[in-house]
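Participant: Heads up: the protein sequence lines correspond to chains D and C, in order.
Taking numbering that gives the first Met the number 0, the leading residue of the first sequence gets 0, the next gets one more, and so forth.
Taking numbering that gives the first Met the number 0, the leading residue of the second sequence gets 0, the next gets one more, and so forth.
Number of protein chains: 2
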Amino acid sequence: MTSILNVPAANQLLVELPEVERNAFMAACDTVELSFGKVLLQPTETFTHVYFPIDSFISLIVVIDTDKRLEVAMAGREGMLGSSLVLGIDEAPLLALVQGAGSALRIDAGAFQQLLLSTPVLHQRLKRYIYVVMKQLATSAACNHFHRIEERLARWLLMTQDRAGTDQLNLTHEFLAMMLGVRRAGITLAAIALQARGLIRYQRGTITVLDRLGLIEASCECYSDDCALYAKMLPVL
Amino acid sequence: MTSILNVPAANQLLVELPEVERNAFMAACDTVELSFGKVLLQPTETFTHVYFPIDSFISLIVVIDTDKRLEVAMAGREGMLGSSLVLGIDEAPLLALVQGAGSALRIDAGAFQQLLLSTPVLHQRLKRYIYVVMKQLATSAACNHFHRIEERLARWLLMTQDRAGTDQLNLTHEFLAMMLGVRRAGITLAAIALQARGLIRYQRGTITVLDRLGLIEASCECYSDDCALYAKMLPVL
DNA sequence: AGTCGTCGGCACGCTAGCGTACATAGCATG
DNA sequence: CATGCTATGTACGCTAGCGTGCCGACGACT
Chain D
0 MTSILNVPAA NQLLVELPEV ERNAFMAACD TVELSFGKVL LQPTETFTHV YFPIDSFISL
60 IVVIDTDKRL EVAMAGREGM LGSSLVLGID EAPLLALVQG AGSALRIDAG AFQQLLLSTP
120 VLHQRLKRYI YVVMKQLATS AACNHFHRIE ERLARWLLMT QDRAGTDQLN LTHEFLAMML
180 GVRRAGITLA AIALQARGLI RYQRGTITVL DRLGLIEASC ECYSDDCALY AKMLPVL
Chain C
0 MTSILNVPAA NQLLVELPEV ERNAFMAACD TVELSFGKVL LQPTETFTHV YFPIDSFISL
60 IVVIDTDKRL EVAMAGREGM LGSSLVLGID EAPLLALVQG AGSALRIDAG AFQQLLLSTP
120 VLHQRLKRYI YVVMKQLATS AACNHFHRIE ERLARWLLMT QDRAGTDQLN LTHEFLAMML
180 GVRRAGITLA AIALQARGLI RYQRGTITVL DRLGLIEASC ECYSDDCALY AKMLPVL
């Protein structure tokens with residue numbers, strides 16, 4: 000268990016807060032464990048809590064027609080689930096699915112909105128985060144449209160690796176297919192190609208990143224662009 | 000020229016403001032004419048002004064690789080250009096292109112941020128607008144990925160018609176191709192199909208919507224979904 | 001009236017990815 | 001060790017859309 004003092008630093012949005020804000024935040028939150036596959040929110044559901052992942056991460060998914068799904072954003076230690084509440088809206092826009100098990104800081108939705116009134120630094124930082132997410136959503140739209148499965152897969156693996164903090168990822172082709180909105184067989188082909196290039200290795204539900212730099216080259220620009228934007232808007236001081 | 004009293008009602012985000020807020024707003028803004036094709040902002044450029052279209056409308060476009068472009072959002076009388084400033088960020092995330100000539104209310108970026116401090120109703124309304132845009136960006140991502148050109152074209156024409164307020168649209172296939180991120184020839188085929196179904200008629204740069212309801216049926220759900228969300232989050236009282 | 005640039009129709013072969021189906025192989029479980 | 005489930009490999013024909021290039025038609029402008 001992480002010590003109380005370190006916890007706020009574990010989520011990037013919460014680092015470097017002034018003492019007062021940190022204390023107020025810590026008083027209002029608790030730590031929860033998120034288990035893989037858990038649906039935290041269905042679209043249009045009302046937020047009961049806001050989550051700040053520590054070593055867990057969450058997929059945000061657009062659902063069209065039950066069988067047509069597409070991940071459009073990810074929230075791990077660099078982000079949060081519930082940014083709509085920063086805008087004063089308590090309705091979830093997307094399906095939120097726990098994609099990496101682990102812990103997260105959790106705050107009651109009402110308490111969170113209250114808290115924001117007295118924590119201007121945090122508030123400002125979260126607004127910047129929303130901006131980043133918006134731009135990433137726009138980029139994703141173009142990426143999903145223009146880029147090939149192999150590039151998109153590479154990008155997705157990198158994003159996941161960043162959030163999982165390990166080069167071993169527990170993922171099936173089936174799952175990846177849902178995330179990227181493509182056929183399972185399409186993922187298999189792309190994965191074979193990436194493996195042949197020596198960038199990843201995988202077997203029965205486990206993918207290992209072997210060559211991160213190579214994978215970055217194999218991915219579309221969108222990955223680096225996203226990273227650059229985040230670093231620019233939400234620098235870790 | 001629209002009368003001063005009516006102007007605030009001309010943009011949907013500005014309707015039903017309390018007297019005080021309306022006056023403060025009117026004092027800070029002026030009316031400008033936007034001409035077709037004008038680039039109001041390049042991505043990463045700094046906002047100098049915020050625009051609230053009256054009968055003009057603006058395309059927000061993701062640019063990847065110069066020749067790969069995709070419209071991801073539209074701002075007409077129902078929206079605004081510069082919502083990032085509501086989040087305190089003065090950087091434009093996307094390319095903003097005037098797609099329909101007409102007039103718009105314009106405010107200096109700094110004055111706008113000042114104004115928001117004393118106009119809570121407007122501020123809240125704009126935050127709701129940002130939420131709507133975010134959800135629309137996510138929907139667009141899925142739409143561009145899953146839906147066929149013909150459906151997307153139908154949707155796009157409907158969205159444009161709503162903002163143009165006329166059933167005659169001045170659009171070339173070339174332009175539409177850029178908006179949807181597809182080939183010009185792809186648009187031609189889709190347009191032929193829609194015309195054959197009696198939903199539209201067109202000739203040399205002009206498209207006329209003949210059967211709006213039919214066009215809604217021909218479009219993907221995304222159109223109605225977007226409309227429904229807007230109506231729910233930003234009702235015109 | 002003639003000229004010329006723009007707009008739209010169309011056709012070519014090509015690629016990515018689809019839907020589906022079936023076969024193999026790893027792993028857990030009894 | 002046998003069984004059975006699940007993950008992966010692969011193959012089939014098919015479709016949407018691509019890149020390109022060419023042609024005709026419209027219409028603005030001299």
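Just so it is clear, CB atoms sit at the ideal spot from N, CA and C, and this is done for glycine as well.
Given the structure is predicted, the values throughout are model-derived calculations rather than measurements.
Given that a residue counts as buried once 16 or more other Cβ atoms are within 10 Å of its Cβ, and exposed if not, what is CYS221 of chain C?
Facilitator: When all chains shown are included, CYS221 of chain C counts as buried.
Participant: What runs of the beta strand (DSSP E), each 3 residues or longer, lie entirely inside the region 137-199 of chain C?
Facilitator: If we require 3 residues or more, the beta strand (DSSP E) runs fully inside the region 137-199 of chain C come out as 167-169.
Participant: In chain C, which residues lie less than 7 Å from ALA140 of chain D when you measure between Cβ atoms?
Facilitator: Within 7 Å Cβ-Cβ: VAL61, LEU69, VAL71, LEU136, SER139, ALA140, ASN143.
Participant: Are ILE199 of chain C and LEU212 of chain C close, meaning C-beta to C-beta below 8 Å?
Facilitator: The answer is no: Cβ separation not under 8 Å.
Participant: Would you call the CB atoms of ALA189 of chain C and LEU157 of chain C closer than 8 Å?
Facilitator: Not closer than 8 Å, so no.
Participant: Can you tell me whether ALA91 of chain D is helix, strand or coil according to DSSP?
Facilitator: Three-state DSSP puts ALA91 of chain D in coil, outside helix and strand.
Participant: Counting Cβ pairs, one atom from each stretch, are 3 or more of them under 8 Å apart for the region 118-138 of chain D and the region 66-83 of chain D?
Facilitator: The region 118-138 of chain D vs the region 66-83 of chain D: in contact.
Participant: Between the C-alpha atoms of LEU115 of chain D and SER102 of chain D, what's the straight-line distance to the nearest angstrom?
Facilitator: Roughly 22 Å between the two C-alpha positions.
Participant: For a contact defined as C-beta to C-beta under 7 Å, what are the partners of SER83 of chain C on chain D?
Facilitator: Neighbours of SER83 of chain C on chain D, chain order: TYR130.
Participant: Which chain C residues sit within Cβ distance under 7 Å of LEU239 of chain D?
Facilitator: In the structure as shown, chain D starts at 0 and stops at 236, and residue 239 of chain D therefore has no counterpart that could be examined.
Participant: Beta-carbon separation of LEU104 of chain D and ILE53 of chain D under 8 Å?
Facilitator: Going by C-beta atoms, LEU104 of chain D is nearer than 8 Å to ILE53 of chain D.
Participant: Which chain D residues are close to ARG147 of chain C, counting only those with a beta carbon under 8 Å from its beta carbon?
Facilitator: Here the premise fails: no neighbours, minimum Cβ distance about 13 Å.
Participant: At least one CB of chain D closer than 8 Å to the CB of LEU12 of chain C: is that the case?
Facilitator: It does not; no Cβ of chain D falls within 8 Å.
Participant: So does the region 85-100 of chain C actually touch the region 10-22 of chain C, counting three or more Cβ pairs closer than 8 Å?
Facilitator: Because the criterion of three Cβ pairs below 8 Å is not met, the region 85-100 of chain C and the region 10-22 of chain C do not touch.
Participant: Residues of chain C with a CB under 8 Å from the CB of ARG127 of chain D: which are they?
Facilitator: Chain C residues near ARG127 of chain D: LEU86, GLY87, ILE88.
Participant: In the structure shown, what three-state DSSP assignment does GLU32 of chain C receive?
Facilitator: Reduced to three states, the DSSP call for GLU32 of chain C is strand.
Participant: Could you tell me whether any Cβ in chain C is nearer than 8 Å to the Cβ of MET133 of chain D?
Facilitator: Yes, MET133 of chain D counts as interfacial toward chain C.
Participant: Look up PRO7 of chain D in the DSSP assignment and say whether it is helix, strand or coil.
Facilitator: For PRO7 of chain D, the predicted model reports a pLDDT of 44, less than 50, meaning its position is unreliable; a value from the coordinates is still stated below. In the structure shown, PRO7 of chain D sits in a helix (DSSP, three-state: H, G or I).
Participant: Between TYR229 of chain D and VAL131 of chain D, which are expected to be in contact by the criterion C-beta below 8 Å, what is the C-beta distance as a whole number of angstroms?
Facilitator: Going by Cβ atoms, the distance from TYR229 of chain D to VAL131 of chain D rounds to 6 Å, so yes, they are a contact pair.
Participant: Excluding the 5 residues flanking LEU80 of chain C on each side, which residues of the same chain have their C-beta closer than 6 Å to its C-beta?
Facilitator: Around LEU80 of chain C: TYR50, ILE57, ALA74, ALA95.
Participant: What are the boundary residues of the beta strand (DSSP E) that includes PHE51 of chain C?
Facilitator: From DSSP, the beta strand (DSSP E) with PHE51 of chain C extends over 48-52.
Participant: Take ILE206 of chain D as the anchor and find which of D:LEU168, D:GLN11, D:GLY164, D:VAL235 has the nearest alpha-carbon.
Facilitator: Ranking D:LEU168, D:GLN11, D:GLY164, D:VAL235 by Cα distance to ILE206 of chain D puts D:LEU168 first.
Participant: Please work out which residues of its chain come closer than 8 Å, Cβ to Cβ, to SER2 of chain D, disregarding the five sequence neighbours upstream and downstream, and give them in chain order.
Facilitator: Below a pLDDT of 50, predicted positions are generally treated as unreliable, and SER2 of chain D, at 41, falls in that range; no measurement from the model is reported.
Participant: Cβ atoms of LEU39 of chain D and VAL85 of chain D: under 8 Å apart, would you say?
Facilitator: Result no, Cβ atoms of VAL85 of chain D and LEU39 of chain D do not sit closer than 8 Å.
Participant: Counting only C-beta atoms, is LEU4 of chain C closer than 8 Å to chain D at any point?
Facilitator: Caution applies to LEU4 of chain C, whose pLDDT of 46 falls short of 50 and renders its modelled position unreliable; the value that the coordinates give is listed next. By this cut-off, LEU4 of chain C is not an interface position.
Participant: Do you know offhand how far ALA176 of chain D's Cα is from ARG183 of chain D's?
Facilitator: One C-alpha to the other measures close to 5 Å.
Participant: Which partner residues does ILE106 of chain D have in the DSSP bridge list?
Facilitator: The partner list for ILE106 of chain D (beta bridge, DSSP) reads D:CYS28, D:VAL49.
Participant: Mind checking GLN11 of chain D: buried by the 16 CB within 10 Å criterion, or exposed?
Facilitator: GLN11 of chain D is buried by the Cβ-count criterion.
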